[in-house]
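Residue numbers (full-length UniProt numbering): 1 to 237.
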């Protein structure tokens, strides 16, 4: 899904390039977007799915709930969702073989052991668990107040949830980045078995690659630091 201006078409096109390099089976990329300008012609684009949602969260991860409606464009069966700001570093085919028909998701790296998924990378079955969308359309304000974050809501009400093997999907910031103060001296590693690296919040892949961590307060530079990370550019292209 691509909306607004934070992520240009370049992110979609690089995602498609990475997908093609890391799949052997016939594969397509579908982009739901409000602006398909400069998106690779090989990518199938559709308008953002409709959803009844409050204006102040209309372009936040809450909008991902629109994917749980059916029908959904021309999609069917198990579909893999990938955030635009991820870097693919390994085989994706195995992700489709893992627990078919089940909602599969990253275990949220900051809430391990609490049964909460992180929806940077998830696979869902179109047509199953449509109550996630339907209930939000009916009671969105109450659901938002109760759960705060869409992935907490999904994790609580989905019929069945399985986490990807931890080594498959990792967080750049929470898994790979050395703890302070070592982040000033060590480059984040890329473990051999990693398939997808998620970039939650900042830095984005292009920023981490050159060792840039944008902060909104100068004092945060005391601990928010990343060394230039060459393996990002090797894969994010």
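Where is the CB? At the ideal position from N, CA and C, for every residue including glycine.
Alpha-carbon to alpha-carbon, residue j and residue i
i	j	result
residue 87	residue 23	14 angstroms
residue 128	residue 196	25 angstroms
residue 26	residue 20	9 angstroms
residue 9	residue 200	19 angstroms
residue 48	residue 125	19 angstroms
residue 171	residue 182	17 angstroms
residue 40	residue 13	6 angstroms
residue 178	residue 151	26 angstroms
residue 222	residue 69	44 angstroms
residue 71	residue 63	16 angstroms
residue 97	residue 169	15 angstroms
residue 56	residue 119	20 angstroms
residue 46	residue 36	8 angstroms
Residue burial classification, residue i (beta-carbon count within 10 angstroms, cutoff 16)
i	result
residue 130	exposed
residue 160	exposed
residue 203	buried
residue 153	buried
residue 205	buried
residue 188	buried
residue 117	buried
residue 180	exposed
residue 219	exposed
Backbone secondary structure at residue i - three-state DSSP
i	result
residue 127	coil
residue 234	helix
residue 228	coil
residue 2	strand
residue 56	helix
residue 204	coil
residue 49	coil
C-beta neighbour in chain B for residue i, strict 8 angstroms
i	result
residue 119	The structure shown contains no chain B; it holds only a single protein chain.
- [ ] Pick out the complete beta strand (DSSP E) segments inside the stretch 125 to 200, 3 residues or longer, and give them in chain order.
- [x] 161 to 163, 169 to 171, 196 to 198
- [ ] Could you tell me which uninterrupted alpha helix (DSSP H) segments, each at least 4 residues in length, are contained entirely in the stretch 68 to 102, listed from first to last along the chain?
- [x] 93 to 97
Task: Cβ contact check for the stretch 157 to 174 and the stretch 97 to 110: 3 or more pairs under 8 angstroms - done: yes
TODO: Output the residue ranges of the beta strand (DSSP E) runs that lie fully inside the stretch 8 to 34 and measure 3 residues or longer, sorted by chain position.
DONE: 30 to 33
- [ ] Check whether the stretch 80 to 100 touches the stretch 138 to 151, counting contact only when three or more Cβ pairs, one atom from each stretch, lie closer than 8 angstroms.
- [x] no
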